[in-house]
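Residue numbers (this note's numbering): 28 to 510.
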């Protein structure tokens, strides 16, 4: 373990993150916000702290090891949650406790979308923009952004990239150099966001709402500038646009680049994971329509179906926008929507959950086990993209599934221990561990009334979910700290 290189990179990351306080300051200045001091102080704190850490260790130059990268990633997400809470905590209009401010920050940067803030429509535009920007930075990962420029600083980025990216296969890249891959991913991510903002503006949003919601649509984060979330707009065209871009955010960013480079959509269909994701999403959509056909045979139910299909796409991509109350149509639909978040989108996307590729591989492995009962001596090989998968990948997928379920149970019982009822505890864990945002029970719309114990448990679950559990668990093992 090389703690000096960990401190050095943390310093660089904090200085870079400090620059992100400038855009909301400018937005507030342009839109006439009265108090921009919280962003000024946050900028000074982040850049100064990062600068001191870097200056103290700038002469320490060693090759970064995997353990260093894992510790940097976990440490940065924890520190980021704390530093990111500064402008929220210092906002006099909010009056939030320290725990609530950190919860809001962690929820933003992990693209969870759970909130403790109400009265969004009346808040300063600088603060609203900052919340949206937090989710956009966390969507693809600010560390991946920094990796794109680390060669200029004399630091290799592969270990950081592995710790940050999601999915069971971490070594896939678009270029021979990991920094070039990171640049390509961020260019694609930015391009989709710009396109989304332009379409929103054409459809009638203000520039502020268009940019703000483009940030959290493509990042599949779910923060909104309005208490009513996406239901504020009451615009079917905007809802369709949001669904399209949420699905784009749920697909691998690398596939978007490949499709653009070849000028063909075949890249999407060739991906077994994308076919699986679209397939199960379509199947659940049919179930939603059938549910309303069976239970609302008369009257005007078309709008109700439309709004709930919007909620389905939002939940399945772990975005967390709501166009209508997802708990208002009975337990079947409520649990169906919430449970889709457990599967989540594709690996290498901005979504939470287990990721569709893992669920697909688990299903294929289960089918092979049934076939093996019929043909005990046959050899069955699981393939992905036409190539046989290493058995180690399948083992890792099963290990992740077990770890995810044990983590879920741990937080579920921990939430119950704090005094939450069963429904609310279930909703709180699904909302945080799957990086969804809205839950069920007392956390249907927000966490404003929850105890500090629930908030800190939720923060831990959000970070574990965003970093896919193993990255965090690794640094908790005694062997991690041995030479």
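All C-beta atoms, glycine included, are put in the ideal place defined by N, C-alpha and C. As the structure is a computational prediction, the values presented were derived from the model and not from experiment.
When 451, 353, 123 are compared, the shortest CA-CA separation from residue 143 is found for 123. Shown here, residue 40 sits in a helix according to DSSP, grouped into three states. A straight line joining the alpha-carbon of residue 241 with that of residue 273 spans about 10 Å.
The C-beta separation of residue 372 from residue 246 comes to about 12 Å, leaving the pair out of contact by the 8 Å criterion.
Pairing residue 151 with residue 317, the inter-Cα distance amounts to about 43 Å. Note on the stretch 319 to 345: whole alpha helix (DSSP H) runs with a minimum of 4 residues are 329 to 343, in chain order. Straight-line spacing of the CA atoms in residue 296 and residue 501 works out to 35 Å. For residue 163, the uninterrupted alpha helix (DSSP H) run begins and ends at 152 to 167, by DSSP. Residue range 293 to 297 is occupied by the alpha helix (DSSP H) that includes residue 293. Residue 233 and residue 252 have their C-alpha atoms some 12 Å from each other. Its chain contains 449, 452 as the residues whose beta carbon lies nearer than 8 Å to that of residue 443, once the 5 sequence neighbours on both sides are disregarded; these appear in chain order. Separation of the CB atoms of residue 386 and residue 467 is rounded to 22 Å, and the pair is thereby denied contact status at 8 Å. With a 10 Å radius around the Cβ and a threshold of 16 neighbouring Cβ atoms, residue 353 comes out buried.
For residue 463, the secondary structure class from DSSP, reduced to helix, strand or coil, is coil. Following the DSSP letters along the chain, one finds residue 479 inside the alpha helix (DSSP H) bounded by residues 479 to 493. Shown here, residue 509 sits in coil according to DSSP, grouped into three states, outside any helix or strand.
Distance from residue 374 to residue 279 at the Cβ level is roughly 7 Å; contact confirmed, criterion being Cβ atoms closer than 8 Å.
Around the beta carbon of residue 87, a 10 Å sphere encloses fewer than 16 other beta carbons of the protein chains shown; the residue is thus reported as exposed. By DSSP's assignment, residue 385 forms no beta bridge with any residue. Assigned with DSSP and collapsed to three states, residue 414 falls in strand. When DSSP states are grouped into helix, strand and coil, residue 373 belongs to the coil group. Looking only at 459, 414, 415, the smallest Cα-Cα distance to residue 435 is reached by 459.
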